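Asker:
Protein chains: 2
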Amino acid sequence: MAGIEEVARLAGVSTATVSRALSGNVHVSPATRSKVEAAALELDYVVSSNASSLASGRTRNIAVVVPFLARWFFSSVLEGVQSALLRHGYDLTLYNLSGDADERHSVFEHFLLRQRVDAVIAISLELTEAEVKRLHTLAKPLVGIGGPISGVRTLSIDDTLIARLATEHLISLGHTEIAHIGGSPEFDLDFHMSTNRRLGYESALEAAGLAADPASFAPADFTIHGGYHAAKQLLGAPQGRPTAVFASSDEMAIGAILAARDLGLVVPRDVSIVGVDDHDLSDFFGLTTVAQFPRGQGEMAVEILMEELKPTTEAAPAAPALPYELIVRSSTAVPPA
Amino acid sequence: MAGIEEVARLAGVSTATVSRALSGNVHVSPATRSKVEAAALELDYVVSSNASSLASGRTRNIAVVVPFLARWFFSSVLEGVQSALLRHGYDLTLYNLSGDADERHSVFEHFLLRQRVDAVIAISLELTEAEVKRLHTLAKPLVGIGGPISGVRTLSIDDTLIARLATEHLISLGHTEIAHIGGSPEFDLDFHMSTNRRLGYESALEAAGLAADPASFAPADFTIHGGYHAAKQLLGAPQGRPTAVFASSDEMAIGAILAARDLGLVVPRDVSIVGVDDHDLSDFFGLTTVAQFPRGQGEMAVEILMEELKPTTEAAPAAPALPYELIVRSSTAVPPA
DNA sequence: CTGAAAGCGCTAACAA
DNA sequence: TTGTTAGCGCTTTCAG
Numbered sequence: 001m002a003g004i005e006e007v008a009r010l011a012g013v014s015t016a017t018v019s020r021a022l023s024g025n026v027h028v029s030p031a032t033r034s035k036v037e038a039a040a041l042e043l044d045y046v047v048s049s050n051a052s053s054l055a056s057g058r059t060r061n062i063a064v065v066v067p068f069l070a071r072w073f074f075s076s077v078l079e080g081v082q083s084a085l086l087r088h089g090y091d092l093t094l095y096n097l098s099g100d101a102d103e104r105h106s107v108f109e110h111f112l113l114r115q116r117v118d119a120v121i122a123i124s125l126e127l128t129e130a131e132v133k134r135l136h137t138l139a140k141p142l143v144g145i146g147g148p149i150s151g152v153r154t155l156s157i158d159d160t161l162i163a164r165l166a167t168e169h170l171i172s173l174g175h176t177e178i179a180h181i182g183g184s185p186e187f188d189l190d191f192h193m194s195t196n197r198r199l200g201y202e203s204a205l206e207a208a209g210l211a212a213d214p215a216s217f218a219p220a221d222f223t224i225h226g227g228y229h230a231a232k233q234l235l236g237a238p239q240g241r242p243t244a245v246f247a248s249s250d251e252m253a254i255g256a257i258l259a260a261r262d263l264g265l266v267v268p269r270d271v272s273i274v275g276v277d278d279h280d281l282s283d284f285f286g287l288t289t290v291a292q293f294p295r296g297q298g299e300m301a302v303e304i305l306m307e308e309l310k311p312t313t314e315a316a317p318a319a320p321a322l323p324y325e326l327i328v329r330s331s332t333a334v335p336p337a
Numbered sequence: 001m002a003g004i005e006e007v008a009r010l011a012g013v014s015t016a017t018v019s020r021a022l023s024g025n026v027h028v029s030p031a032t033r034s035k036v037e038a039a040a041l042e043l044d045y046v047v048s049s050n051a052s053s054l055a056s057g058r059t060r061n062i063a064v065v066v067p068f069l070a071r072w073f074f075s076s077v078l079e080g081v082q083s084a085l086l087r088h089g090y091d092l093t094l095y096n097l098s099g100d101a102d103e104r105h106s107v108f109e110h111f112l113l114r115q116r117v118d119a120v121i122a123i124s125l126e127l128t129e130a131e132v133k134r135l136h137t138l139a140k141p142l143v144g145i146g147g148p149i150s151g152v153r154t155l156s157i158d159d160t161l162i163a164r165l166a167t168e169h170l171i172s173l174g175h176t177e178i179a180h181i182g183g184s185p186e187f188d189l190d191f192h193m194s195t196n197r198r199l200g201y202e203s204a205l206e207a208a209g210l211a212a213d214p215a216s217f218a219p220a221d222f223t224i225h226g227g228y229h230a231a232k233q234l235l236g237a238p239q240g241r242p243t244a245v246f247a248s249s250d251e252m253a254i255g256a257i258l259a260a261r262d263l264g265l266v267v268p269r270d271v272s273i274v275g276v277d278d279h280d281l282s283d284f285f286g287l288t289t290v291a292q293f294p295r296g297q298g299e300m301a302v303e304i305l306m307e308e309l310k311p312t313t314e315a316a317p318a319a320p321a322l323p324y325e326l327i328v329r330s331s332t333a334v335p336p337a
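Quick note, the sequences are listed as chains A and B, same order. Per UniProt numbering, the very first residue in the first sequence carries number 1; after that it's consecutive. Per UniProt numbering, the very first residue in the second sequence carries number 1; after that it's consecutive.
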């Protein structure tokens with residue numbers, strides 16, 4: 001735990017020079033720099049981030065706020081954020097809001113205000129106005145991932161387009177009876193993501209001259225379990241079952257595949273199924289899906305933030321559109337004759 | 001962003017008193033305390049953690065190091081750690097080592113040394129001697145979860161006992177042909193966890209007078225996919241298939257259930273399957289399993305640390321044994337007649 | 001129980 | 001390019 005003073009002494013320079021040489025931002029003569037670096041290495045010197053933060057006002061630490069941890073999408077985004085941050089020399093302080101309301105409240109009223117972070121990344125969070133205001137009093141850059149927060153720059157995939165693409169894939173195979181498993185209305189967590197995907201589905205149908213029968217919609221909770229039950233309802237309907245199902249998430253789509261199997265239906269011969277995500281398990285189940293790339297989304301959020309934190313930057317950089325891609329596997333085919 | 005000075009002025013006391021009143025550790029007269037609290041509330045005052053840390057040497061921040069993020073066990077432990085930490089007013093700084101070796105190196109040589117944390121929790125990490133030494137030079141409390149690190153206090157489940165319990169469940173149902181899907185040897189990540197579970201399985205067999213045939217073992221990688229392929233091998237063996245399978249993780253067990261189905265076997269009529277974990281999906285698949293409770297493990301690690309960080313505490317508190325429990329669902333039954 | 005004052009370890013003007 | 005110096009905002013002796 002050597003301090004900057006000892007390094008300065010060993011290198012034969014002042015502490016200010018050590019600071020400059022090690023931070024790399026300011027000009028220092030190459031000779032001095034290497035002397036300092038050698039001394040630092042020899043003494044195992046690592047700056048105290050607290051002292052540095054206090055003096056400079058920069059913490060090199062980013063807060064990441066998530067609504068869940070143990071779900072594929074969130075942990076994948078987090079992975080991307082983490083590794084990008086590490087590359088930039090930043091720490092990641094994690095706040096998970098899946099606890100009770102008090103917990104959430106204290107995160108916004110207390111934890112985030114401790115001046116411990118330079119910026120915050122909010123993943124798929126529906127923030128209340130009070131919360132957004134709180135964050136704004138922080139006067140720190142804030143970027144959201146996964147759905148528009150009013151007044152906050154957000155990386156967001158185009159849910160309508162994604163859903164439309166998935167549905168069009170089914171239509172192009174010849175399906176006309178296409179059911180949809182989407183989020184139940186409570187899922188406002190996801191900012192109308194559910195609604196937008198449903199709208200995309202409906203618009204694809206309409207564009208093909210097909211009717212969007214309300215009976216072809218089954219709500220679920222984005223889990224395999226939920227998708228399974230929703231699919232059972234849809235596929236077991238006595239008045240004739242759909243030949244294809246578009247599920248708003250891969251987990252629900254996998255549930256649907258399992259439900260079809262349990263009903264004795266063969267996928268894709270009897271029923272085609274598409275999801276959204278490209279979840280870890282999707283390849284295993286041969287699920288056709290519209291991939292989004294959560295790791296990449298996390299990394300992108302970090303790049304935007306880094307850009308914004310550079311003292312040189314003026315305007316906040318714009319958020320580019322997020323990529324997505326139809327991946328056709330073995331869960332979709334032409335409808336039964 | 002009011003400072004302590006303003007609070008002091010508003011409350012009509014000195015900054016020292018504000019500090020004392022708000023930290024709560026030292027004695028302050030009730031009247032003064034409430035005056036200070038009112039002033040702090042009015043000004044929306046929140047201490048600057050950097051200044052506080054620098055002055056006191058305590059950061060109220062814990063580092064958590066994980067080898068993966070997007071896996072059920074790790075994200076569940078992390079969830080437990082996070083919520084317990086929040087309750088105690090601590091921040092959580094996350095380091096995920098799933099990147100390359102350089103990343104890992106820089107975490108240990110750089111990030112963890114910045115004096116940003118009071119302690120570190122290492123989840124299922126096989127640390128090299130150099131890494132442990134590094135951490136010890138930190139002179140910070142360190143607790144591991146999930147497997148013994150030499151010289152580090154670790155919360156660890158008894159893998160041998162767990163495996164034995166699962167196997168005994170099968171034996172007590174009357175099974176004598178019991179196969180095992182375990183970790184492949186490379187999985188040293190998990191500290192001989194794989195080996196220990198295999199030993200537990202074998203010892204249960206021996207105790208029942210059954211032979212542990214090496215042909216009844218299939219290695220896999222702890223995923224559904226891996227479990228599926230391993231189970232296919234086991235259940236498709238032409239020289240007679242086992243009537244039961246013990247898998248070292250629920251994900252592998254679920255893979256085995258799916259493999260059995262694909263082979264036209266009915267679980268549990270034709271083959272019984274047990275796992276370990278009580279994964280999120282296990283209930284859905286009706287999987288009998290030995291539950292471990294990762295959230296609880298995370299919380300426990302935090303409690304131990306908090307105890308240790310209390311200035312009053314002398315000896316490091318002992319780590320209690322971790323609970324586990326056999327949960328019988330519908331994937332196990334007596335063997336076919 | 002409370003106040004005054006000396007730092008915690010570093011960075012950033014300002015000079016030289 | 002480098003050194004000097006004054007803090008960053010709080011905590012903690014040490015007095016009173």
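Glycine is no exception: its CB is placed at the ideal position from the N, C-alpha and C atoms. Computed from a predicted model, the values in this text were never measured in an experiment.
By how many angstroms is the C-alpha of T288 of chain A removed from the C-alpha of M1 of chain A?
Answerer: Translated into the one-based positions of the first sequence, residue 1 of chain A becomes position 1. Translated into the one-based positions of the first sequence, residue 288 of chain A becomes position 288. M1 of chain A and T288 of chain A: Cα-Cα distance of roughly 54 Å.
Asker: What's the call for Q82 of chain A, buried or exposed, on a 16-neighbour Cβ count within 10 Å?
Answerer: Here the question's residue 82 of chain A lines up with position 82 in the first sequence. With 16 or more Cβ atoms within 10 Å of its Cβ, Q82 of chain A is classed as buried.
Asker: Check whether the Cβ atoms of V26 of chain A and A63 of chain A lie closer than 8 Å to each other.
Answerer: Translated into the one-based positions of the first sequence, residue 26 of chain A becomes position 26. Translated into the one-based positions of the first sequence, residue 63 of chain A becomes position 63. No, the Cβ-Cβ distance between V26 of chain A and A63 of chain A is not below 8 Å.
Asker: For the candidate residues B:L263, B:H225, B:Q239, B:A218, whose alpha-carbon lies nearest to that of F246 of chain B?
Answerer: If you number the second sequence from 1, residue 246 of chain B lands on position 246. Checked all of B:L263, B:H225, B:Q239, B:A218; the closest Cα to F246 of chain B is B:A218.
Asker: Is the region 218-238 of chain B touching the region 158-173 of chain B, taking contact as three or more C-beta pairs under 8 Å?
Answerer: With the cut-off at 8 Å, the region 218-238 of chain B and the region 158-173 of chain B do not touch.
Asker: Can you grab the Cα-Cα spacing for the pair E177 of chain A / A207 of chain A, in whole Å?
Answerer: Working through the first sequence from its first residue, we reach residue 177 of chain A at position 177. Working through the first sequence from its first residue, we reach residue 207 of chain A at position 207. Going by the C-alpha atoms only, they are around 14 Å apart.
Asker: Tell me which residue opens and which closes the alpha helix (DSSP H) that G255 of chain B is part of.
Answerer: As a first step, residue 255 of chain B is located in the second sequence; it is residue number 255 there, counting from the start. Note, G255 of chain B: alpha helix (DSSP H), 250-262.
Asker: Can you say whether R198 of chain A is buried or exposed, counting buried as having 16 or more other CB atoms within 10 angstroms of its CB?
Answerer: Looking up residue 198 of chain A in the first sequence gives position 198. Answer is buried; the Cβ neighbour count reaches 16.
Asker: Taking 8 Å as the threshold, find out whether the region 253-271 of chain A comes into contact with the region 99-109 of chain A through three or more Cβ pairs.
Answerer: Short answer: they don't touch.
Asker: Could you check if Q115 of chain B is buried or exposed, using at least 16 other CB atoms within 10 Å of its CB as the buried criterion?
Answerer: Taking the first residue of the second sequence as position 1, residue 115 of chain B is located at position 115. The residue in question, Q115 of chain B, is buried, as its Cβ has 16 or more Cβ neighbours within 10 Å.
Asker: In chain A, which residues lie with their C-beta within 7 Å of the C-beta of D91 of chain B?
Answerer: The residue given as residue 91 of chain B occupies position 91 in the second sequence. Within chain A, the residues near D91 of chain B are T93, F111, R116.
Asker: Name, in chain order, the residues that DSSP records as bridge partners for I123 of chain A.
Answerer: Sequence index remark: in the first sequence, residue 123 of chain A carries index 123 (1-based). I123 of chain A is bridged to A:I145.
Asker: Just the Cα atoms here: how many angstroms apart are A212 of chain A and Y201 of chain A?
Answerer: The residue given as residue 212 of chain A occupies position 212 in the first sequence. The residue given as residue 201 of chain A occupies position 201 in the first sequence. Approximately 9 Å between the Cα atoms of the pair.
Asker: Give a yes or no on whether the minimum CB-CB distance between V267 of chain B and chain A is below 8 Å.
Answerer: Stepping through the second sequence from its first residue, residue 267 of chain B is reached at position 267. For V267 of chain B, the answer is no, since every Cβ of chain A falls outside 8 Å of its Cβ.
Asker: In chain B, which residues lie with their C-beta within 8 Å of the C-beta of Q82 of chain A?
Answerer: Locating residue 82 of chain A in the first sequence gives position 82, where the first residue counts as 1. In chain order: L69, L94, Y95, N96.
Asker: According to the neighbour-count rule (16 or more other Cβ atoms, all chains shown, within 10 Å of its Cβ), is D91 of chain B buried or exposed?
Answerer: Start at 1 with the first residue of the second sequence, and residue 91 of chain B comes out as number 91. It counts as buried.
Asker: What are the residues that DSSP puts in a beta bridge with Y324 of chain A?
Answerer: In the first sequence, counting from the first residue as 1, residue 324 of chain A sits at position 324. For Y324 of chain A, which the question treats as bridged, DSSP gives the partners A:Q292.
Asker: Return the residue from the list A:L85, A:R134, A:E6 that minimises the CA-CA distance to D44 of chain A.
Answerer: Your numbering for residue 44 of chain A matches position 44 in the first sequence. The shortest Cα separation from D44 of chain A among A:L85, A:R134, A:E6 belongs to A:E6.
Asker: What is the DSSP secondary structure of D280 of chain A, reduced to helix, strand or coil?
Answerer: If you number the first sequence from 1, residue 280 of chain A lands on position 280. Looking at D280 of chain A - three-state DSSP - the assignment turns out to be coil, as it is neither helix nor strand.
Asker: From the beta carbon of L25 of chain A, is the nearest beta carbon of chain B less than 8 Å away?
Answerer: To locate residue 25 of chain A, count along the first sequence from 1; it is residue 25. The identity of residue 25 of chain A in the sequence shown is Asn, whereas the question assumes Leu. No, no contact with chain B.
Asker: Using a threshold of 8 Å, state whether the C-beta atoms of S216 of chain B and D250 of chain B are closer than that.
Answerer: Numbered from 1 along the second sequence, position 216 holds the residue referred to as residue 216 of chain B. Numbered from 1 along the second sequence, position 250 holds the residue referred to as residue 250 of chain B. In this structure, D250 of chain B does not lie closer than 8 Å to S216 of chain B by Cβ.
Asker: Listing by chain order, which chain A residues have their CB less than 8 Å from the CB of E299 of chain B?
Answerer: What you label residue 299 of chain B is simply residue 299 of the second sequence in a count that begins at 1. The contacting residues do not exist; E299 of chain B stays about 12 Å from chain A at best.
Asker: Spatial neighbours of A301 of chain B within its chain, please: C-beta separation below 7 Å, excluding the five flanking residues on both sides.
Answerer: As a working mapping, residue 301 of chain B is identified with position 301 in the second sequence. Closer than 7 Å at the Cβ level, and outside the excluded window around A301 of chain B, lie V81, I121, V143, I145, L155.
Asker: Exposed or buried, what is D102 of chain A when buried is set at 16 or more other beta-carbons lying within 10 Å of its beta-carbon?
Answerer: Start at 1 with the first residue of the first sequence, and residue 102 of chain A comes out as number 102. Result: exposed.
Asker: Tell me P219 of chain B's beta-bridge partners as DSSP assigns them.
Answerer: For the purposes of this step, residue 219 of chain B is taken as the residue at position 219 of the second sequence. P219 of chain B pairs with B:G182.
Asker: In the DSSP assignment, find the beta strand (DSSP E) that holds Y95 of chain B and state where it starts and stops.
Answerer: The residue you call residue 95 of chain B lines up with position 95 of the second sequence. 91-96 is the span of the beta strand (DSSP E), which, as asked, contains Y95 of chain B.
Asker: So, does the CB of H225 of chain B fall closer than 8 Å to a CB anywhere in chain A?
Answerer: Along the second sequence, read from residue 1 onward, the residue named residue 225 of chain B stands at position 225. Yes, its Cβ sits closer than 8 Å to a Cβ of chain A.
Asker: Since residue 345 of chain B meets chain A, which of its residues come closer than 7 Å, beta carbon to beta carbon?
Answerer: The requested residue 345 of chain B is not part of the displayed model; chain B covers only 1 to 337.
Asker: Taking A247 of chain B as part of the beta strand (DSSP E), name the residues at either end of that continuous run.
Answerer: Counting from one through the second sequence, the residue named residue 247 of chain B turns up at place 247. Run containing A247 of chain B: 244-247, per the beta strand (DSSP E) assignment.
Asker: Could you tell me whether any non-hydrogen atom of the ligand NAP is closer than 7 Å to the CB of P219 of chain B?
Answerer: Ligands in the displayed structure: none, and consequently the ligand NAP is not present.
Asker: Let's see if you can read the secondary structure: which residues bound the beta strand (DSSP E) around N61 of chain B?
Answerer: In the second sequence, counting from the first residue as 1, residue 61 of chain B sits at position 61. First-last of the beta strand (DSSP E) with N61 of chain B: 61-66.
Asker: Considering just the uninterrupted stretch of the beta strand (DSSP E) at L138 of chain B, what are its terminal residues?
Answerer: Within the second sequence, the letter at position 138 stands for residue 138 of chain B. Careful: L138 of chain B lies outside any beta strand (DSSP E) and carries neither H nor E.
Asker: Can you name the start and end residues of the alpha helix (DSSP H) that R198 of chain A belongs to?
Answerer: As a working note, residue 198 of chain A is residue 198 in the first sequence. Note, R198 of chain A: alpha helix (DSSP H), 193-207.
Asker: Between A40 of chain B and E299 of chain B, is the Cβ-Cβ spacing less than 8 Å?
Answerer: Here residue 40 of chain B corresponds to residue number 40 of the second sequence, with the count starting at 1. Here residue 299 of chain B corresponds to residue number 299 of the second sequence, with the count starting at 1. No, these two residues do not count as a Cβ contact at 8 Å.
Asker: Figure out for me which residue from A:G209, A:F222, A:D277 has the closest Cα to the Cα of M252 of chain A.
Answerer: Looking up residue 252 of chain A in the first sequence gives position 252. If we check each option's Cα against that of M252 of chain A, A:F222 comes out closest.
Asker: Kindly indicate which residue of B:V13, B:F73, B:R58, B:G151 has the alpha-carbon position closest to the one of L309 of chain B.
Answerer: To locate residue 309 of chain B, count along the second sequence from 1; it is residue 309. For L309 of chain B, the nearest C-alpha among the options comes from B:R58.
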